[in-house]
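This report concerns only the one structure given below.
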Amino acid sequence: MPRMIESIPAPAAPQADPPPPHLVPAQPVSANQRLGAMDLLRGFALCGILLMNIVNFAWPGGAYTSVTFPYYSLQSIGEVPDPEIRDKEIAKAEKDFNRKQKDKNRKQRELEPKPQYALGDLRWCAVSSDADLYEYAFADLLVDNKMRTLFSMLFGAGVILMADHSKGKRNRPGWLHYRRMFWLLVLGAAHGYLLWTGDILFAYAAIGLWLYPLRKLRARWLCALGLGLLLTPLAIAWFAPNVIEWVKEKGRAVEQNLEAIEKQTAENPPTSPDNSAPQESAVEPEKDELYWLDAKLLAGYRALDAMRKRGPRPDLVTLDIRKQRTQTYSEGVVERFWDLIWAQLAELIVLGFLALGWPMVLGMALMKLGFFTGNWTTKSYGWWTVCLYVIGIPMTWWALILSTQGGNSVATQVRMILPLEWIGSLLLTLANASALLWLWKTNRINWLASRLQAAGQMALSNYLFDSLLCSFIFSGYGLAFYGTIPRVGLAALVAAIWVFQLTISPWWLEHFRFGPVEWLWRSLTYWKIQPLSLVSSPKIQPQEPISAS
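Structure, rendered in structure tokens:
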């Protein structure tokens, strides 16, 4: 009998009911809640962004968009004069030249050669062989603006994901979102001032302030808003040539009237009341009496005429290269601050959202449609890949051909090249994403996918690491390789960085829950130090692709 009693199991202790959702504090997304598709795409976009950003790290800005941006070989020239002194010399030379040609026809004067400064051997920034031209064409066709657009779309999708995750929690999700954006603003400002003027984090955070109220819109309304933000600048730019021609025509007429007055005054100078001496500044009252609009038209016409006459300034590009090689870190911080501060203030108001918010809004729509979650069927991703490449590649290739021909009118640039580039980039962005998700869902890139997912989970840390490394390699306070490595060499350097990050990111996440900067950002957002080590947390495993239905 006692044995029978002993064999009866003791009743289980009563379990406490879980607290209601609204009493549970918001926490960072756990490993099991992460979306493998988004991490995969984020890691892929991060790699592509570096391929383009490194050109701006290594060369002056014009090298990013042109393969014919000139400078002088530093080995073939001596000391480059200060730009203010050189500008004064050029202005004086042109003034003397124009004074000597005063009696000639104005049109003939424009055809006369202007003073030139031959400093040394002329080179093209970032281009030293045909291989560099091929690299530029490849990057422009499939990478430039595509990876940045994809990264922006994923940022918008992340707003939806975080809002859904924190819904019903004790922390108000709105305040949580705005705290995240505030600390991202701080990180972006620090990144821009301390490391690189090409920072994108500040702009993302500034635009993110405007995204949260849109989270409840339906997908179709988000699509309409995103496409509207994309097409509105193109529609405005369509009329730019007409405005420019109108300014030229009216401004030219005002200038001709002034020239006629000057000529008449020179031939028949007005005299003083006693007819003994000509009056001084006889033409100035006529100029002062110009209507406000005429004065603005004249200023606009002269500015456009100066832009037309102004050729490339390889001397200033050369000076910039030399300055970047010798600049101290403190000098660079001060320069970056003044380069960025006004643009950042503009981004904080709605202008940033209107100019750069469209891919984020489209990303929110695609998140609601299941594109970024990997929930679409394999067949759907495959069809999107084929259709979007078939349409997007010819559009982008046509824009590339037109832009490299040179001599394009303003009308050609804004009515053909700009729409082809923007719309083609959007199509190829979605094509690249669809192709990668199709490969992932068909288990063709499992080894690479797991590494890209790890890099995507640590995207913020990897992005800042890229800036830190490239600043050290190219800046004067580091190895000072600025202005020396052509495009193919830069691509090889990028490949080495890819290998390093795709190796170190999985290793890091085997030992820690987050990347180091992600951990800092989350701790600041939740105002609580988050656990970093995996000692008491489950090992993070990249999510497997969702089986196709």
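To convert, note that position 219 of the sequence shown is 221 in my numbering; the numbers rise steadily by one, no gaps.
All residues carry an ideal CB built from backbone N, CA and C; glycine is no exception.
Remember, it's a predicted structure, so these values are computed and weren't measured experimentally.
Original post:
Looking at the unbroken beta strand (DSSP E) that takes in Pro72, where does it start and where does it end?
Top reply: Unbroken beta strand (DSSP E) run through Pro72: Pro72 to Tyr74.
Original post:
Is Gly478 near Thr320, with beta carbons less than 8 Å apart?
Top reply: Contact: no.
Original post:
Is Val69 helix, strand or coil when you go by DSSP?
Top reply: DSSP places Val69 in coil when its eight states are reduced to three.
**OP:** Express the C-alpha separation of Leu390 and Met149 in angstroms, rounding to a whole number.
**Re:** Each residue's alpha carbon lies about 15 Å from the other.
Original post:
From Lys169 to Leu178, what distance separates their C-alpha atoms?
Top reply: Across the structure, Lys169 and Leu178 are spaced so that their CA atoms are roughly 11 Å apart.
**OP:** Compute the distance between the beta-carbons of Tyr195 and Arg44, then report whether it is under 8 Å.
**Re:** A distance of 8 Å or more separates the beta carbons of Tyr195 and Arg44.
Original post:
Which runs of the alpha helix (DSSP H) fall wholly inside the segment 159-225 and span at least 4 residues, in chain order?
Top reply: Whole alpha helix (DSSP H) segments, 4+ residues: 175-196 and 203-213.
**OP:** Verify whether the separation of the beta carbon atoms of Gly158 and Met418 is less than 8 Å.
**Re:** Contact: no.
Subject >> Lys289, DSSP secondary structure in three states >> reply: Legend: pLDDT at Lys289 = 48, less than 50; position of this residue unreliable, value from coordinates given subsequently. Lys289 falls in the helix class under three-state DSSP.
Original post:
Since Leu124 is in the alpha helix (DSSP H), which residue starts that stretch and which ends it?
Top reply: Counting along the chain, Leu124 falls outside any alpha helix (DSSP H), though it belongs to the beta strand (DSSP E) covering Leu124 to Trp126.
Subject >> Nonlocal neighbours in the same chain, by C-beta distance under 8 Å from Thr151, ignoring five residues either side >> reply: Short of 8 Å from the beta carbon of Thr151, and not among the five residues preceding or following it, lie these beta carbons of its own chain, in chain order: Pro361, Ser427, Leu428 and Thr431.
**OP:** Could you say which of Ile56, Leu300, Thr70 and Thr234 lies nearest to Asp146 if we only look at CA atoms?
**Re:** Measuring from the Cα of Asp146, the nearest candidate turns out to be Ile56.
**OP:** Below 8 Å CB to CB, which residues in the same chain sit around Leu471 once its five sequence neighbours on both sides are set aside?
**Re:** So the list reads Ile499, once near-sequence residues are dropped.
Original post:
Can you round the beta-carbon distance between Thr398 and Leu422 to whole angstroms, since I take them to be within the 8 Å contact cut?
Top reply: Taking a contact as a CB-CB distance under 8 Å, the pair Thr398 and Leu422 counts as one, their CB atoms being some 7 Å apart.
Original post:
Out of Val416, Lys381, Asp341 and Glu257, which has the shortest C-alpha to C-alpha gap to Ile238?
Top reply: The shortest C-alpha separation from Ile238 is found at Val416.
Original post:
Are the CB atoms of Lys381 and Ala221 nearer to each other than 8 Å?
Top reply: Taking C-beta atoms as the reference points, Lys381 and Ala221 fail to come closer than 8 Å.
Subject >> Outcome for Asn445 when other beta-carbon atoms lying within 10 angstroms are tallied against a minimum of 16 >> reply: A residue is called buried once 16 or more other Cβ atoms fall within 10 Å of its Cβ, and Asn445, having fewer, is exposed.
Subject >> Own chain partners of Ala451 with C-beta closer than 6 Å, once the 5 adjacent residues on each side are dropped >> reply: Here the set comprises Leu42 and Trp442.
Original post:
Buried or exposed: which applies to Asp166, given that a residue is buried once 16 or more other Cβ atoms fall within 10 Å of its Cβ?
Top reply: By the neighbour-count rule (16 or more Cβ atoms within 10 Å), Asp166 is not buried but exposed.
Original post:
Is any heavy atom in the ligand COA found nearer than 7 Å to the beta carbon of Gln407?
Top reply: Of ligands this structure carries none, so the ligand COA is not represented either.
Original post:
Between Leu48 and Ala493, is the Cβ-Cβ spacing less than 8 Å?
Top reply: Against a cut-off of 8 Å, the Cβ pair of Ala493 and Leu48 comes out as no contact.
**OP:** Please state whether DSSP places Phe514 in a helix, a strand or coil.
**Re:** Strand.
**OP:** Could you tell me which of Leu233, Gln346, Gly365 and Trp240 sits nearest to Tyr214, measuring between CA atoms?
**Re:** Among Leu233, Gln346, Gly365 and Trp240, the Cα nearest to that of Tyr214 is on Gly365.
**OP:** Entirely within the segment 294-340 and at least 4 residues each: give me those alpha helix (DSSP H) ranges in chain order.
**Re:** If only uninterrupted alpha helix (DSSP H) runs of at least 4 residues are considered, those enclosed by the segment 294-340 are 294-311 and 316-328.
**OP:** Provide the residue span of the alpha helix (DSSP H) that contains Ala433, from first to last.
**Re:** Leu420 to Lys443 is the span of the alpha helix (DSSP H), which, as asked, contains Ala433.
Original post:
How would you write the range of the alpha helix (DSSP H) that Met362 sits in, first residue to last?
Top reply: Secondary structure note for Met362: its alpha helix (DSSP H) is the uninterrupted segment Trp360 to Lys370.
Original post:
So the alpha helix (DSSP H) Met54 belongs to, where does it begin and stop?
Top reply: Residues Gly38 to Ala60.
**OP:** Could you tell me which of Leu144, Arg254, Ala435 and Ile162 sits nearest to Leu216, measuring between CA atoms?
**Re:** Closest in C-alpha terms to Leu216, from the list Leu144, Arg254, Ala435 and Ile162, comes Ile162.
**OP:** Name the one or two DSSP bridge partners that Ser535 has.
**Re:** Beta-bridge pairing links Ser535 to Phe514.
Original post:
Taking the alpha carbon of Pro396 as the point to measure from, which residue in Val69, Tyr74, Asp134 and Asp142 has its own alpha carbon closest?
Top reply: Minimum Cα distance to Pro396 is reached at Asp142.
**OP:** Flag this pair as yes or no: are the beta carbons of Gly485 and Gln326 separated by less than 8 Å?
**Re:** Yes, the pair counts as a contact, with Cβ atoms nearer than the cut-off.
Original post:
Measuring CB to CB, does Trp198 end up less than 8 Å from Ser473?
Top reply: Cβ distance < 8 Å, so Trp198 and Ser473 count as in contact.
Subject >> Length of the line joining the Cα atoms of Gln532 and Leu124 >> reply: Gln532 and Leu124 have their C-alpha atoms some 55 Å from each other.
Subject >> Distance between Trp248 and Trp294 (C-alpha atoms, nearest Å) >> reply: Each residue's Cα considered, the two are about 16 Å apart.
**OP:** Report yes if the CB atom of Gly394 is closer than 8 Å to the CB atom of Ala433, and no otherwise.
**Re:** Yes, they are a contact pair.
**OP:** Let me know if Trp440 comes out buried or exposed under the rule of 16 or more other beta-carbons within 10 Å of its beta-carbon.
**Re:** A residue is called buried once 16 or more other Cβ atoms fall within 10 Å of its Cβ, and Trp440 is buried on that count.
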